[in-house]
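All remarks here apply to the structure that follows.
2 protein chains.
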Amino acid sequence: MAQTTRDQMLDAAKTLFAERGFYGVSIANIAGEVGLTKQALLHHFSTKEKLYGEVLENISQRFKVVRADVLATETEPEDQLRVYLLAMVSRSPQDTMRSRLLMRELLDNKRRAGSAGVWYLKDFLEDLVEMVSALKAWRDASDAEALAAVYQLLGAINYYAVSEPTLRGIFGDDRYEALDAVFTEQLSGFIRKVAAGPSR
Amino acid sequence: MAQTTRDQMLDAAKTLFAERGFYGVSIANIAGEVGLTKQALLHHFSTKEKLYGEVLENISQRFKVVRADVLATETEPEDQLRVYLLAMVSRSPQDTMRSRLLMRELLDNKRRAGSAGVWYLKDFLEDLVEMVSALKAWRDASDAEALAAVYQLLGAINYYAVSEPTLRGIFGDDRYEALDAVFTEQLSGFIRKVAAGPSR
DNA sequence: TTATGAACCTACCGACCGGTAAGTTGTGGA
DNA sequence: TCCACAACTTACCGGTCGGTAGGTTCATAA
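So the protein lines, in turn, are chains V and W. Note that our numbering has the first sequence beginning at 1, numbered continuously upward. Note that our numbering has the second sequence beginning at 1001, numbered continuously upward.
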């Protein structure tokens, strides 16, 4: 079954916002990507802000689905955390996009929050804190310590997920491939160390 | 001695680019910040791109200075690495700005074609790889493994450094202060674990 | 048969963008 | 005294921005 125009527009918006940021993309760009005019886009989403909001909403929904899936599949808290986090660093363009949008939102939401006023990141962060707190070695840790750990994990993962073009540009394709080949293993090691408990 | 107009403009540009990104700031905004017109700015920096380039150049220069300073002060490679990295999470607005610019550059430098900016990041990353490789436990590690470690450290640090407004917004000032109180310790723990050697 | 509403369109608006052109003003040296 | 030059200014350019106004086309329901 064919995608609706509305869904095509959401997809195009996700890709372009991830690549260039909210202020780097015009609604005409997005509409043009699906072969229509910007007024067609404004027919479906009354403002650019609302379109952006729906894109973020979709992504946050997607994270919830993945998390529920992981919780149902894995039984050990450490496995749950690792599988959930490693899913973000997969080579799929969809995952890269999500990481980029997440990071851009982090940089820009202060400026935009005045009008939008919605913290799309909140649920996502709180879910992760919950997953860390479920680890045996973290049972006695404070909320703040768990959040600090979440942030370090998230940072390590998303910083890398976002950097492919830059790293290829700086070091060349060969060195990037070599890096990519070892990154996941180093990251698993990091997750294992975090799972061993907070630093005291 | 008073700052020159040119330096005032560079300062204003650094602040605004960090906050809103290259495409989110106009040269008129920057010039306005120092009470002049955009043509005054264009008199000193012939294009917006060149102004941005100088801002990045300054920052990369600043990192070099800090690094030289740390290498001269600390003798143990692990101390050198830790002091250098922790300097980036300091609560100074200047450090936050640098982290934001670094992250934005990472997200955008692919698009800003020609991309002189790539090279500013290159030196910085290579310096860090060198510092990790200097650790005893990393003597036999590959270049790619050291780069992976650098990236995880950098990600953990900059993701957090950039997030203050967001975290305050999501969790409130109290929880943010609590997080901030434990973050540095958790980060030191992370650096210590990295210094213990690559995961195999 | 008519009419209603979704899904598009062209035309246009005022604001702003980066950048050019052509001054004006003040200062310091020959 | 004259002149060159740095440091600005106003005026303007073509282009893009998000958004509005007011259509047209077409399927479906009354």
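C-beta: ideal position from N, C-alpha, C; glycine also.
- Within chain V, the residues Met-103, Leu-106, Leu-107, Tyr-159, Val-162 have their CB atoms less than 9 Å from the CB of Met-1103 (chain W), given in chain order.
- Between Ala-1012 (chain W) and Ile-1030 (chain W), the gap from beta carbon to beta carbon is short of 8 Å.
- For Ser-1060 (chain W), no chain V residue has a C-beta closer than 8 Å to its own C-beta; the minimum C-beta separation is roughly 13 Å.
- Of W:Ala-1178, W:Gln-1080, W:Glu-1126, the smallest CA-CA separation from Ala-1195 (chain W) is found for W:Gln-1080.
- Listed along the chain, the chain V residues whose CB falls inside 7 Å of the CB of Pro-1165 (chain W) are Lys-110.
- Val-55 (chain V) does not reach chain W, its nearest Cβ partner there being about 16 Å away, counting only Cβ pairs nearer than 9 Å.
- Looking only at W:Gly-1035, W:Arg-1175, W:Ile-1027, W:Lys-1014, the smallest Cα-Cα distance to Thr-1005 (chain W) is reached by W:Gly-1035.
- By the Cβ test, the segment 153-165 of chain V is in contact with the segment 89-109 of chain V, since at least three Cβ pairs between them sit closer than 8 Å.
- In this structure Val-1066 (chain W) does not touch Ile-1157 (chain W) by the C-beta definition: roughly 14 Å separates them, more than the 8 Å allowed.
- In this structure, DSSP gives Glu-1076 (chain W) a state outside helix and strand, which the three-state scheme calls coil.
- For Arg-1175 (chain W), the enclosing alpha helix (DSSP H) begins and ends at 1164-1195.
- Under the three-state reduction of DSSP, Tyr-120 (chain V) is assigned to coil, being neither helix nor strand.
- Look at Gln-1008 (chain W) here: in three-state DSSP terms it is helix.
- For the 8 Å CB-CB criterion, Leu-85 (chain V) and Leu-135 (chain V) do not form a contact.
- The Cβ atoms of Thr-1184 (chain W) and Asn-109 (chain V) do not sit closer than 8 Å to each other.
- Contiguous alpha helix (DSSP H) elements confined to the segment 10-38 of chain V occur at 27-33, taking only those with 4 or more residues.
- In the DSSP assignment, Pro-1093 (chain W) falls within the unbroken alpha helix (DSSP H) covering 1093-1108.
- Asn-1058 (chain W) is positioned such that its CB atom lies closer than 8 Å to that of Leu-1010 (chain W).
- A direct Cα-to-Cα measurement between Phe-1022 (chain W) and Gln-39 (chain V) gives close to 27 Å.
- If one requires a minimum length of 4 residues, no alpha helix (DSSP H) run lies completely within the segment 124-152 of chain V.
- CA-CA distance, Lys-14 (chain V) to Thr-1075 (chain W), rounds to 48 Å.
- Here DSSP, grouped into helix, strand and coil, assigns Phe-1045 (chain W) to coil.
- Taking a C-beta cut-off of 8 Å against chain V, the contacting residues of the segment 1006-1034 of chain W are Glu-1019, Arg-1020, Gly-1021, Tyr-1023, Gly-1024, listed in chain order.
- Taking 8 Å as the threshold, the shortest C-beta distance from Val-1129 (chain W) to chain V does not fall below it.
- Contact between Ile-1191 (chain W) and Arg-1082 (chain W) holds: their C-beta atoms lie close to 5 Å from each other, under 8 Å.
- Residue-level contact by beta carbon fails for Gly-172 (chain V) and chain W, as no gap is shorter than 8 Å.
- It is roughly 47 Å from the alpha-carbon of Asp-174 (chain V) to the alpha-carbon of Thr-1037 (chain W).
- Tyr-1151 (chain W) has a beta carbon lying within less than 8 Å of a beta carbon in chain V.
- In the displayed model, Gln-3 (chain V) falls within coil according to three-state DSSP, outside both helix and strand.
- Shown here for Leu-1106 (chain W): same chain residues with a beta carbon closer than 8 Å to its own, the five before and five after excluded, namely Leu-1121 in chain order.
- In this structure Trp-119 (chain V) is in contact with Ile-1170 (chain W), their Cβ atoms being roughly 5 Å apart against a cut-off of 8 Å.
- In this structure, DSSP gives Arg-1111 (chain W) a state outside helix and strand, which the three-state scheme calls coil.
- Contact between Trp-138 (chain V) and Gly-189 (chain V) is absent: CB atoms are separated by about 18 Å, not below the 8 Å threshold.
- Rounded to whole angstroms, the gap between the alpha carbons of Leu-128 (chain V) and Pro-77 (chain V) is 11 Å.
- The beta carbons of Ala-1146 (chain W) and Val-1132 (chain W) sit closer together than 8 Å.
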